[in-house]
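Below is one structure; the comments refer to it alone.
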Amino acid sequence: MKKASETEVLEHVCKEAKMKKRVIKAHLSRLSTVFGSRFTKAWEALNKKRIKKYVFKPSGRVVWIVVGKEREYLVMPAADFCSCDDFYFRAMNRKIHLCYHLIAQKLAEALEVYDLVEENDQLYDSLIEEWKKVTP
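Encoded structure:
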């Protein structure tokens with residue numbers, strides 16, 4: 019039997035969490051085993067409410083942001099992309115698939131535990147430029 023990938027494990031846990039509105043102990047243990055310190059950091063970000071979902075009006079565009087230790091990181095869950103250095107250096111080199119910001123975002127979305135920020139479409143371009151900056 020094939021070993022489940024990081025993405026498959028996280029997708030399964032998120033699906034269950036969405037249905038049950040919580041993450042059961044066995045799944046917490048599995049996430050910790052699969053992701054190690056990345057899960058610990060993701061869980062901390064989730065519990066400290068550092069995940070933001072920006073919804074721009076009237077277009078309905080959605081942007082996910084995870085507030086990290088040094089700055090805010092742009093997360094694109096559909097593409098499994100994050101603007102952090104960990105993602106760039108380790109995920110792009112195939113050492114890992116998901117950084118802790120992506121793990122946190124996916125769990126936050128499944129559990130509906132995030133700050134919802136509604137902004138006008140006129141602010142979209144300036145905010146995206148701010149989030150794309152490499153240095154704080």
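Numbering (my numbering), first residue to last: 19 to 154.
Cβ coordinates follow ideal geometry from the N, Cα and C atoms, glycine included.
TODO: My understanding is that V84 touches A122, with C-beta atoms under 8 Å, so please give their C-beta distance in whole angstroms.
DONE: Yes, they are in contact, since the Cβ atoms of V84 and A122 sit about 5 Å apart, within 8 Å.
Task: Straight-line gap, E137 to I69 (C-alpha atoms, nearest Å) - done: Between the alpha carbons of E137 and I69 lies a gap of roughly 16 Å.
- [ ] Compute the Euclidean distance between the alpha carbons of L116 and G78, then round it to the nearest angstrom.
- [x] For the pair L116 and G78, the Cα-to-Cα distance works out to about 26 Å.
Task: Inter-residue spacing [alpha-carbon to alpha-carbon] between K38 and E147 - done: Looking at the two C-alpha atoms, the distance is approximately 37 Å.
Open item on the list: Let me confirm a value: D103 is counted as buried when at least 16 other C-beta atoms fall within 10 Å, else exposed. Which label applies?
Closed with: By the neighbour-count rule (16 or more Cβ atoms within 10 Å), D103 is not buried but exposed.
Open item on the list: Measuring alpha carbon to alpha carbon, tell me which residue in F99, T25, I42 is nearest W82.
Closed with: Checking every option, the nearest Cα to that of W82 belongs to F99.
Task: In DSSP terms, what N138 is bridged to - done: According to DSSP, N138 bridges with K75.
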